[in-house]
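Residue numbers (this note's numbering): 379 to 712.
Backbone N, C-alpha and C fix where the C-beta goes; we use that ideal spot for every residue, glycine too.
Down below is the structure, laid out as structure tokens.
Here is the structure:
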């Protein structure tokens with residue numbers, strides 16, 4: 379039987395893109411808590427959900443703290459869902475999405491006229507994965523997995539906030555900053571590579587993954603910067619059901635682009651030049667297994683961050699989740 383790795387890459391996901399552009403407060407990956415894993419067993423089903431919270435108020439300019447703020451705080455609360463099925467011994471297909479309970483940018487000095495918030499569904503991701511190497515030897519197991527995913531935007535990308543003009547009483551609508559939108563509004567392609575070496579007798583595993591997201595253009599002429607990450611994990615199991623994992627992850631996000639016709643009509647209410655970053659995170663994780671259920675928790679700790687111009691940086695991120703795996707029997711499928 380295959381040994382399954384269920385340790386998770388923070389996410390994002392956000393599948394999010396949780397907060398990849400215009401401010402650099404979170405992961406640029408749309409897969410919030412998306413699995414750092416190979417494939418499932420044949421006819422195995424996985425139901426996975428996790429809650430991710432992001433909060434930050436620290437601004438950076440380059441790699442140094444910037445005392446000048448452009449708003450007070452950014453926060454995000456996101457629920458991620460994944461349904462995965464082992465189509466064959468080497469091939470797994472998953473369907474992933476998420477819901478934002480809140481994305482909020484608090485205006486400078488708590489100014490209500492420059493405070494923006496949103497909530498709703500995010501994106502939908504079709505994520506097939508295929509094992510090109512799956513080899514078990516006497517004292518270890520080796521796995522190498524390729525994935526190619528497709529992101530379909532479901533959430534809004536051009537929401538606006540209404541402000542009442544005090545003299546006339548009329549309501550004027552201002553488009554929300556890109557960081558508060560529920561989706562980029564673009565179709566993205568996600569490239570995924572996963573490799574693992576596990577030693578079951580020692581309850582020890584080392585694995586790595588790489589992710590590259592080729593961002594598309596949305597209908598209003600915005601293209602968020604491409605995203606790339608590489609993570610290295612070491613994991614050990616204690617007492618047969620307690621997993622302890624440590625991840626070191628590097629992230630890179632390119633600057634966003636705007637269609638030139640946008641600037642002919644109006645300039646956006648964010649600085650498109652203040653986008654893109656390079657970051658390094660350490661992410662400890664605990665997981666507890668009970669039968670077919672796994673409960674897990676992780677946090678991202680930024681150890682280095684470099685942002686273009688001045689942006690809000692990463693400060694606090696925590697994820698709590700639950701995974702359930704079972705086999706779809708012949709009787710169930712009929």
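- Counting C-beta atoms within 10 angstroms of its own C-beta, residue 520 has fewer than 16 neighbours from the protein chains shown and is therefore classed as exposed.
- Approximately 19 Å separates the beta-carbon atoms of residue 609 and residue 632; this is outside 8 Å, ruling out the contact.
- According to the DSSP assignment, residue 424 belongs to the beta strand (DSSP E) that extends over 422-434.
- DSSP places residue 516 outside both helix and strand once states are collapsed to three, so it counts as coil.
- In the three-state scheme derived from DSSP, where H, G and I count as helix and E and B as strand, residue 489 is classed as coil.
- The C-alpha of residue 565 lies about 12 Å from the C-alpha of residue 500.
- 9 Å or more divides the Cβ of residue 443 from the Cβ of residue 518.
- A distance below 6 Å between beta-carbons, with the five flanking residues on each side excluded, links residue 637 to the following residues of its chain, in chain order: 599.
- Fewer than three beta-carbon pairs drawn from the stretch 483-495 and the stretch 522-532 are found closer than 8 Å, and the two stretches are therefore not classed as touching.
- For the pair residue 441 and residue 658, the Cα-to-Cα distance works out to about 12 Å.
- Distances from the CA of residue 602 to each of 634, 569, 592 and 561 were compared; the closest alpha carbon is that of 634.
- Per DSSP, reduced to three states, the secondary structure at residue 465 is coil, with no helix or strand assignment.
- Nearest to residue 682 by C-alpha distance, out of 476, 502 and 656, is 656.
- Between residue 438 and residue 470, the C-beta gap is not smaller than 9 Å, which leaves the two residues out of contact.
- For the beta strand (DSSP E) assignment, the uninterrupted runs of no fewer than 3 residues enclosed by the stretch 625-682 are, from N- to C-terminal side, 655-668.
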